[in-house]
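Participant: Sharing a structure, written as structure tokens. Questions coming.
Residue numbers (the numbering used here): 118 to 525.
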């Protein structure tokens, strides 16, 4: 999206104050948090491919409002639409990819697809034992998708400069809307095996029939949510996987403050973007290598923490390379943690449980931002980044005591 690197400038140039811009970001965050789990429940009830098609269209509608009617109301509603689109995408993509990989593996092995669990699963049934190929392939695909996304952001930043010079915010906004439309077309290309739908056929006509359908849909949603919560409640391993993934996502959110760390090492403000390149490269490499060496998760997390602590406390620009390496390793670890979570979830509520991790990550991220703001009163960016590495050690310790995976 070409709007990514310039939308804050669009807000400022439209006349918004810093407080108003901050409130827009708050609207964005709250929307994502509120809709995260409900969107996961929806993804377990309807076509996940259809949701991946609709999600970018909602984001595109928000960008169109920014472009055609710039102003605080349009910006706020645009962030609501963007947050809704992100929520529809979050959890849905992961659930669809893992489910289809499982079906591919079953087809290759000559096993019948798991039709029955999708149609009317037993609430006490446990998910099938995960297959190594499915878990490894899932981590590799998700990691590489993030690597490609990071490269796309770099390209968008580079392309936004000439487009902005030629056509201003209108041109940047128009290209961004077209990009979301292309994303919707890509969403349509995902394979999806049809899943049995709940029986909500109308038994009559008129208002009563519509109300009956709504009640049936609400009951189905409650059933899916209850099944997902039941899976989490029954499985200690699944609870650990959710918590550990949320912690990793929150620790990784420190990337928002990397420019401050770079400048604190003495790098001139004009050169800060150049010093951010190693972080992007490391994230791309980490994502691309996801799915390999999963048995080394614990030592990699320990090394991640040590690199971030040493690099952040060095106070020298060269130390930033260690911090960049830590962020690359963290990207790899997040993909591995997501695969562990998927291994322990049944398909009926897969998107719901995955969205719970997204909700936990968002909530923990808000805590990280608040802690950084509070800690900055007494500490500089270096010590704060060093403290932010401690969650990696905590996750490594938890994994070292007991491997997270399916089971009770």
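For every residue, glycine included, the Cβ atom is placed at its ideal position computed from N, Cα and C.
The model shown is predicted, which means the values in this text are computed figures rather than measured ones.
Throw me the rounded Cβ distance for the residue 404 and residue 354 pair, which I believe falls under 8 Å.
Facilitator: Between residue 354 and residue 404 the Cβ distance is about 25 Å, and since that is not below 8 Å, they are no contact.
Participant: For the region 148 to 162 against the region 204 to 213, are there 3 or more C-beta pairs whose distance is under 8 Å?
Facilitator: The answer is yes - the region 204 to 213 touches the region 148 to 162, with three or more Cβ pairs under 8 Å.
Participant: Among the residues of its own chain, which have a CB less than 8 Å from the CB of residue 438, if the five just before and after it don't count?
Facilitator: Contacts found: 395, 428.
Participant: Just reading off the alpha helix (DSSP H) that residue 397 is part of, what are its end residues?
Facilitator: Unbroken alpha helix (DSSP H) run through residue 397: 389 to 405.
Participant: When the distance is taken between beta carbons, is residue 508 closer than 7 Å to residue 83?
Facilitator: Outside the modelled stretch of the chain, which goes from 118 to 525, sits residue 83, for which no answer is possible.
Participant: Taking residue 192 and residue 148 to be in contact with their CB atoms under 8 Å, please state how far apart those CB atoms are, rounded to whole angstroms.
Facilitator: Rounded, the Cβ-Cβ distance is 13 Å, inconsistent with contact.
Participant: Could you tell me the distance, in whole angstroms, from the CA atom of residue 457 to the CA atom of residue 411?
Facilitator: Straight-line Cα distance between these residues: approximately 10 Å.
Participant: Give the single residue among 215, 250, 208 whose Cα lies nearest to the Cα of residue 226.
Facilitator: The option with the nearest alpha carbon to residue 226 is 250.
Participant: Relative to the alpha-carbon of residue 366, which residue among 182, 390, 472 has its alpha-carbon at the smallest distance?
Facilitator: Cα-wise, what sits closest to residue 366 is 472.
Participant: To the nearest whole angstrom, what separates the beta carbons of residue 454 and residue 399, a pair I think is in contact under 8 Å?
Facilitator: The Cβ separation is near 18 Å, so there is no contact.
Participant: Rounding to the nearest angstrom, what Cα-Cα distance links residue 402 and residue 262 in this structure?
Facilitator: The alpha-carbon atoms of residue 402 and residue 262 are separated by roughly 12 Å.
Participant: Closest to residue 122 by CA distance: which of 513, 290, 168 is it?
Facilitator: Nearest C-alpha to residue 122: 290.
Participant: Between residue 309 and residue 130, what straight-line distance do the alpha-carbon atoms span, to the nearest angstrom?
Facilitator: Using only the alpha carbons, I get a separation of about 44 Å.
Participant: Rounded to whole angstroms, how far is the Cβ of residue 376 from the Cβ of residue 393, which I believe are closer than 8 Å?
Facilitator: Going by Cβ atoms, the distance from residue 376 to residue 393 rounds to 7 Å, so yes, they are a contact pair.
Participant: Taking the C-alpha atoms as reference points, what is the distance between residue 272 and residue 220?
Facilitator: Each residue's alpha carbon lies about 35 Å from the other.
Participant: Is the distance from the Cβ of residue 253 to the Cβ of residue 408 below 7 Å?
Facilitator: Contact flag set, yes.
Participant: In angstroms, rounded to a whole number, what distance separates the CA positions of residue 500 and residue 161?
Facilitator: For residue 500 and residue 161, the distance between alpha carbons rounds to 43 Å.
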